[in-house]
Amino acid sequence: MSRKHYKTKKRKMIVSPEDRLITAISYFVYTLFAFVCFYPFYYIFINSLSANDLSERGKVLFWIKGLHFKNYVDVAKVPGLFDAFKISVARTAIGTTLTVATAAFLGYMFTRETLWKRKLWYRLVVATMYFNAGIIPWYITMRNLNLTNNFWGYILPNIVAPFYIVLCKTYVESVPKELQQAAEIDGAGTLRIFFQIMLPVIKPIMATVAIFSAVNQWNSFQDTLLLVTDTKLYTLQFVLYQYITQASSLKALVNSSSASSSMAALATAQTATSIRMTVTVVVVTPIILVYPYFQKFFIKGIMIGAVKG
Amino acid sequence: MGKIYNRKKARAYREFLYILPFLILVLIFSYYPLYGWVYAFFDYKPPFPLTMDRFVGFKWFKSIADSPTKINQILKVLRNTFAISGLSLFFSWVPMAFAILLNEIKSKGYRKIVQTVTTLPNFISWVLVYSIAFNVLSSTGAVNSILMSLGVIDTPILFLQSSKHVWFRMWLWLTWKNAGWAAIMYIAALTGIDEEMNEAARIDGASRIQIIWHITLPSLLPTYFVLVMLNLANFLSNGMEQFYVFQNSFNKEYIQVLDLYVYNIAMGNGGYSLSVAISILKSIVSLILLCVTNAFSKLVRGEGFI
Numbered sequence: 002m003s004r005k006h007y008k009t010k011k012r013k014m015i016v017s018p019e020d021r022l023i024t025a026i027s028y029f030v031y032t033l034f035a036f037v038c039f040y041p042f043y044y045i046f047i048n049s050l051s052a053n054d055l056s057e058r059g060k061v062l063f064w065i066k067g068l069h070f071k072n073y074v075d076v077a078k079v080p081g082l083f084d085a086f087k088i089s090v091a092r093t094a095i096g097t098t099l100t101v102a103t104a105a106f107l108g109y110m111f112t113r114e115t116l117w118k119r120k121l122w123y124r125l126v127v128a129t130m131y132f133n134a135g136i137i138p139w140y141i142t143m144r145n146l147n148l149t150n151n152f153w154g155y156i157l158p159n160i161v162a163p164f165y166i167v168l169c170k171t172y173v174e175s176v177p178k179e180l181q182q183a184a185e186i187d188g189a190g191t192l193r194i195f196f197q198i199m200l201p202v203i204k205p206i207m208a209t210v211a212i213f214s215a216v217n218q219w220n221s222f223q224d225t226l227l228l229v230t231d232t233k234l235y236t237l238q239f240v241l242y243q244y245i246t247q248a249s250s251l252k253a254l255v256n257s258s259s260a261s262s263s264m265a266a267l268a269t270a271q272t273a274t275s276i277r278m279t280v281t282v283v284v285v286t287p288i289i290l291v292y293p294y295f296q297k298f299f300i301k302g303i304m305i306g307a308v309k310g
Numbered sequence: 025m026g027k028i029y030n031r032k033k034a035r036a037y038r039e040f041l042y043i044l045p046f047l048i049l050v051l052i053f054s055y056y057p058l059y060g061w062v063y064a065f066f067d068y069k070p071p072f073p074l075t076m077d078r079f080v081g082f083k084w085f086k087s088i089a090d091s092p093t094k095i096n097q098i099l100k101v102l103r104n105t106f107a108i109s110g111l112s113l114f115f116s117w118v119p120m121a122f123a124i125l126l127n128e129i130k131s132k133g134y135r136k137i138v139q140t141v142t143t144l145p146n147f148i149s150w151v152l153v154y155s156i157a158f159n160v161l162s163s164t165g166a167v168n169s170i171l172m173s174l175g176v177i178d179t180p181i182l183f184l185q186s187s188k189h190v191w192f193r194m195w196l197w198l199t200w201k202n203a204g205w206a207a208i209m210y211i212a213a214l215t216g217i218d219e220e221m222n223e224a225a226r227i228d229g230a231s232r233i234q235i236i237w238h239i240t241l242p243s244l245l246p247t248y249f250v251l252v253m254l255n256l257a258n259f260l261s262n263g264m265e266q267f268y269v270f271q272n273s274f275n276k277e278y279i280q281v282l283d284l285y286v287y288n289i290a291m292g293n294g295g296y297s298l299s300v301a302i303s304i305l306k307s308i309v310s311l312i313l314l315c316v317t318n319a320f321s322k323l324v325r326g327e328g329f330i
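Heads up: the sequence lines are chains V and Z, in that order.
My numbering numbers the first residue of the first sequence as 2 and each following residue consecutively.
My numbering numbers the first residue of the second sequence as 25 and each following residue consecutively.
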């Protein structure tokens with residue numbers, strides 16, 4: 002087959018109707034899918050910045066109408082929101098740090114063939130991925146340990162995360178053995194090899210685990226639901242859920258008592274809709290901000306996971 | 025010789041000491057709760073401690089089998105669980121289809137944008153999904169506003185306060201949240217295809233559909249198989265968060281899946297013991313499912329997924 006012949010054939014294929022149909026379907030399906038995924042975020046965002054009397058009547062659909070920022074000022078007045086924000090940030094920061102450090106350390110330790118009964122301990126940890134005692138036994142355990150209504154109830158159960166440990170272990174195994182052996186000959190101990198040799202090398206997988214873990218901590222809802230009745234320990238997710246179910250009663254708390262019914266006041270007076278939308282934006286923004294930057298780490302993470310699985 | 029041996033042994037134990045604190049955490053938070061299963065054999069009322077005179081044997085298990093109303097309720101819960109898990113299983117090819125279509129899009133920039141946008145919902149919580157659903161689907165939300173301005177409907181549809189198509193709508197939200205992310209798994213598999221193979225097929229005159237059907241699709245099937253097996257192993261575990269946030273008095277009949285039911289009977293009327301009994305039964309069935317699917321996977325692929 003001559004080169005010329007091949008070329009004309011390829012060109013013919015590109016313009017064939019079947020070809021065009023596939024391209025059209027691909028673009029159509031993905032544009033629709035992307036729109037469905039994107040529009041709700043956009044809709045809530047523009048509504049949180051629009052005149053509240055319009056947003057309440059569902060008049061803000063495609064662009065901002067009557068731009069104002071008062072919602073974001075007023076949202077700080079919503080009782081409990083700022084405390085919840087602090088709790089969510091604290092659990093995400095502390096929880097993620099401890100989880101990542103543990104995953105890296107155990108991932109490394111479980112590759113140490115010198116470790117006493119290494120396989121047994123590894124299996125003991127990994128097995129926990131496949132069973133779960135159920136929420137009530139878990140709740141009773143937490144209560145016996147005094148971890149209900151306790152900030153550490155958000156942290157301690159999540160420190161040892163088997164899936165992240167498997168990810169780290171897989172990564173450590175891919176690091177050339179000579180690196181460790183050389184350090185050992187130089188007389189470095191177990192811990193020194195970890196801190197001075199391993200840590201710098203396994204940073205990429207630690208970043209992946211950190212993101213997974215931070216998103217989990219930030220999104221966590223069920224543990225608050227089960228363990229916490231003290232409003233001071235409520236997380237943003239939990240408070241958001243409460244606001245959705247009771248936003249109408251909140252607007253009275255936020256609006257100043259002297260609100261007149263003039264047009265200008267109506268546009269900025271809080272409604273159930275405006276509070277809901279604004280709080281939603283506050284809760285979702287951290288994820289949207291870190292997400293595009295860290296997307297490649299996520300993808301790397303599932304690829305390592307997929308190879309393992 | 026003996027000295028070196030001792031030194032090695034000392035190091036082995038020292039290394040064990042390093043990981044011991046973490047093992048203790050695992051024992052406390054993952055293994056110790058299993059002890060809580062004994063509550064299924066007692067008449068447990070929360071503030072009081074567990075004493076032997078409250079031992080009731082298999083009373084709770086028997087009570088499930090003896091009471092027609094309970095059986096009825098559990099059958100309903102199982103129906104919901106099976107319906108929702110069944111729908112996800114039936115449509116489990118959707119992310120694979122998305123991946124194949126994405127692979128047909130040649131513009132790199134466009135691919136990147138849609139990939140970023142469609143994977144985003146996977147990283148928000150169910151509470152946020154519910155908040156979005158609430159805002160978009162409420163009587164003054166975007167969907168109703170658009171439909172009304174187009175004249176399709178006269179009165180707003182109350183999507184969330186309805187008992188119609190609950191299973192399908194729950195599946196839709198699950199797909200909205202997960203499909204883009206699940207597609208990435210397949211896209212990873214697609215990058216493994218040898219470009220030369222596609223080129224060779226093209227030279228031989230294969231059309232694009234033929235290439236998709238004979239090269240792309242078969243290369244994705246192993247991944248698909250594993251995911252279907254995992255789906256089957258988790259058939260009874262839909263999780264409770266999605267259904268907890270979406271549940272209301274209108275859809276309760278259809279939305280209560282096993283995980284949510286276990287929570288509701290424990291929290292609703294303090295039926296701790298009954299709740300534990302049901303979750304034990306669920307765990308046993310799940311374990312069997314896991315073993316069966318793993319064995320089946322070993323049979324077909326030569327390796328399991330555990």
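The C-beta atom is built at its ideal place from N, Cα and C for all residues, glycine as well.
Residue i in three-state terms, based on DSSP
{"i": "asparagine 96 of chain Z", "result": "helix"}
{"i": "phenylalanine 259 of chain Z", "result": "coil"}
{"i": "phenylalanine 183 of chain Z", "result": "coil"}
{"i": "lysine 8 of chain V", "result": "Any reading at lysine 8 of chain V must be qualified, since the residue scores a pLDDT of 47, below 50, and its modelled position is unreliable; no value is offered."}
{"i": "phenylalanine 213 of chain V", "result": "helix"}
{"i": "phenylalanine 36 of chain V", "result": "helix"}
{"i": "phenylalanine 331 of chain Z", "result": "What the structure shows of chain Z is the stretch from 25 to 330, and residue 331 of chain Z is not part of that stretch, so it cannot be assessed."}
{"i": "serine 258 of chain V", "result": "Summary for serine 258 of chain V: the model assigns pLDDT 45, below 50, so the residue's position carries little reliability, and this model does not support an answer."}
{"i": "phenylalanine 83 of chain V", "result": "helix"}
{"i": "lysine 309 of chain V", "result": "Because the pLDDT of lysine 309 of chain V is 46, which lies under 50, any placement of that residue in the model is unreliable, and the question is left without a value."}
{"i": "lysine 13 of chain V", "result": "Low local confidence applies: a pLDDT of 47 at lysine 13 of chain V is under 50, so the model's placement there is unreliable, with the coordinate-based value given in what follows. Here lysine 13 of chain V sits in helix by DSSP."}
{"i": "phenylalanine 132 of chain V", "result": "coil"}
{"i": "glutamine 296 of chain V", "result": "helix"}
{"i": "phenylalanine 222 of chain V", "result": "coil"}
{"i": "phenylalanine 249 of chain Z", "result": "helix"}
{"i": "phenylalanine 106 of chain Z", "result": "helix"}
{"i": "phenylalanine 66 of chain Z", "result": "strand"}
Beta carbon of residue i nearer than 8 Å to that of residue j
{"i": "leucine 241 of chain V", "j": "serine 155 of chain Z", "result": "yes"}
{"i": "glycine 81 of chain V", "j": "glutamine 218 of chain V", "result": "no"}
{"i": "valine 127 of chain V", "j": "methionine 207 of chain V", "result": "no"}
{"i": "cysteine 38 of chain V", "j": "valine 141 of chain Z", "result": "yes"}
{"i": "proline 119 of chain Z", "j": "lysine 201 of chain Z", "result": "no"}
{"i": "alanine 257 of chain Z", "j": "leucine 214 of chain Z", "result": "no"}
{"i": "alanine 149 of chain Z", "j": "asparagine 262 of chain Z", "result": "In the sequence as displayed, the identity of residue 149 of chain Z is serine instead of alanine. No. Outside cutoff."}
{"i": "phenylalanine 66 of chain Z", "j": "phenylalanine 82 of chain Z", "result": "no"}
{"i": "isoleucine 290 of chain Z", "j": "isoleucine 203 of chain V", "result": "Looking at the sequence itself, residue 290 of chain Z is alanine, so the reference to isoleucine does not match. No, these two residues do not count as a Cβ contact at 8 Å."}
Residue closest to residue i, alpha-carbon to alpha-carbon, out of the options
{"i": "asparagine 72 of chain V", "options": "V/Gln218, V/Phe298, V/Gln271, V/Ile156", "result": "V/Gln271"}
{"i": "glycine 204 of chain Z", "options": "V/Pro201, V/Tyr31, V/Arg21, V/Thr24", "result": "V/Tyr31"}
{"i": "proline 201 of chain V", "options": "V/Thr24, V/Val126, V/Phe106", "result": "V/Phe106"}
{"i": "valine 269 of chain Z", "options": "Z/Ser169, Z/Phe158, Z/Glu223, Z/Thr143", "result": "Z/Phe158"}
{"i": "isoleucine 160 of chain V", "options": "Z/Ser243, Z/Ser116, Z/Ser112, Z/Phe53", "result": "Z/Phe53"}
{"i": "serine 89 of chain V", "options": "V/Pro293, V/Val284, V/Leu22, V/Ile289", "result": "V/Val284"}
{"i": "isoleucine 47 of chain V", "options": "V/Lys66, V/Asn147, V/Ala35", "result": "V/Lys66"}
{"i": "glycine 154 of chain V", "options": "Z/Leu49, Z/Leu198, Z/Lys132", "result": "Z/Leu49"}
{"i": "proline 205 of chain V", "options": "V/Asn145, V/Gln243, V/Phe298", "result": "V/Phe298"}
{"i": "valine 280 of chain V", "options": "V/Phe29, V/Thr24, V/Ile45", "result": "V/Ile45"}
C-alpha distance - residue i paired with residue j, whole-angstrom precision
{"i": "threonine 103 of chain V", "j": "tyrosine 59 of chain Z", "result": "26 Å"}
{"i": "aspartate 224 of chain V", "j": "threonine 142 of chain V", "result": "13 Å"}
{"i": "isoleucine 194 of chain V", "j": "phenylalanine 164 of chain V", "result": "23 Å"}
{"i": "threonine 129 of chain V", "j": "isoleucine 166 of chain V", "result": "12 Å"}
{"i": "arginine 92 of chain V", "j": "proline 92 of chain Z", "result": "45 Å"}
{"i": "lysine 33 of chain Z", "j": "lysine 27 of chain Z", "result": "10 Å"}
{"i": "leucine 254 of chain Z", "j": "threonine 317 of chain Z", "result": "8 Å"}
{"i": "valine 216 of chain V", "j": "arginine 119 of chain V", "result": "31 Å"}
{"i": "tyrosine 40 of chain V", "j": "serine 162 of chain Z", "result": "15 Å"}
{"i": "alanine 183 of chain V", "j": "phenylalanine 196 of chain V", "result": "15 Å"}
{"i": "serine 303 of chain Z", "j": "tryptophan 122 of chain V", "result": "27 Å"}
{"i": "histidine 69 of chain V", "j": "valine 160 of chain Z", "result": "21 Å"}
{"i": "phenylalanine 222 of chain V", "j": "threonine 236 of chain V", "result": "8 Å"}
{"i": "arginine 35 of chain Z", "j": "threonine 115 of chain V", "result": "7 Å"}
### Message
I want to know whether the stretch 183 to 198 of chain V touches the stretch 124 to 133 of chain V - three or more CB-CB distances under 8 Å.
### Response
no
### Task
Assess, as a yes-or-no matter, whether the stretch 69 to 85 of chain V is touched by the stretch 175 to 183 of chain V under the definition of 3 or more beta carbon pairs within less than 8 Å.
no
### Query
Can we say the stretch 170 to 178 of chain Z touches the stretch 228 to 236 of chain Z, given the rule of at least three CB pairs closer than 8 Å?
no
### Message
Whether or not the stretch 275 to 287 of chain Z and the stretch 186 to 195 of chain Z are in contact is what I'm after, with contact meaning three or more pairs of Cβ atoms, one per stretch, closer than 8 Å; do they touch?
### Response
yes
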